[in-house]
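Engineer: First the structure, which I've put down as structure tokens, then a few questions once you've had a look.
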Amino acid sequence: MPPAESMPVLSRVETGGVLKGLPGSVRGRTSIACAWGGIGIVQIEAEAQDLPEGYLLNHLVTLNLGFEASSDANFEGRGWQRHRTPHHGVDVYPARVCFAARARHPRETLLAEIDPEFVTSALGPSAAPTA
Numbered sequence: 127m128p129p130a131e132s133m134p135v136l137s138r139v140e141t142g143g144v145l146k147g148l149p150g151s152v153r154g155r156t157s158i159a160c161a162w163g164g165i166g167i168v169q170i171e172a173e174a175q176d177l178p179e180g181y182l183l184n185h186l187v188t189l190n191l192g193f194e195a196s197s198d199a200n201f202e203g204r205g206w207q208r209h210r211t212p213h214h215g216v217d218v219y220p221a222r223v224c225f226a227a228r229a230r231h232p233r234e235t236l237l238a239e240i241d242p243e244f245v246t247s248a249l250g251p252s253a254a255p256t257a
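Right under this line is the structure:
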């Protein structure tokens, strides 16, 4: 299901290291933010909180820098599922997938956003999805 126009874009790292598009309900502190053509990196410290339903413009890879983190996520209306990410655990979230999340604990995370066009250009035409 494609994201609705009214859904918030949950994150976006722009060229020059500016973090844009986090909904007002997301509370956290940005330590570093860097962006290159097609890839953006940001390190955040965030409180336990709910993330409203929305979607990502880019693929997102996260690295948990703190203690084990527990969260609940609902991807495309499939129902809430509990997820645990260990210290230095990695999670991957695809672009343009509707989801909501509840973080149960404060956390320190390194976020890497990767533009879908960057992935396509890096993999070449043979990696294009087929219908």
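Here this note's numbering is used: the first residue of the sequence shown is 127, the next is one more, and so on. For each residue, glycine too, the CB sits at the ideal point set by N, CA and C.
What do you reckon, are the CB atoms on glutamine 175 and leucine 236 nearer than 7 Å?
Structural biologist: On the sequence shown, position 49 is the one that residue 175 refers to. On the sequence shown, position 110 is the one that residue 236 refers to. In this structure, leucine 236 does not lie closer than 7 Å to glutamine 175 by Cβ.
Engineer: Between the C-alpha atoms of leucine 177 and phenylalanine 193, what's the straight-line distance to the nearest angstrom?
Structural biologist: In the sequence shown, counting from the first residue as 1, residue 177 sits at position 51. In the sequence shown, counting from the first residue as 1, residue 193 sits at position 67. The straight-line gap from Cα to Cα measures roughly 20 Å.
Engineer: Quick one: Cα of glycine 166 to Cα of glutamate 239, how far?
Structural biologist: For this step, residue 166 is matched to residue 40 along the sequence shown. For this step, residue 239 is matched to residue 113 along the sequence shown. Their Cα atoms are separated by approximately 5 Å.
Engineer: Go ahead and label leucine 182 buried or exposed: buried means 16 or more other beta carbons lie within 10 angstroms of its beta carbon, across all protein chains shown.
Structural biologist: The residue given as residue 182 occupies position 56 in the sequence shown. Leucine 182 should be labelled buried.
Engineer: Tell me whether the stretch 226-236 and the stretch 197-215 touch, counting them as touching only if at least three CB pairs, one residue from each stretch, are closer than 8 Å.
Structural biologist: Judged by Cβ distances under 8 Å, the stretch 226-236 makes contact with the stretch 197-215, as three or more pairs qualify.
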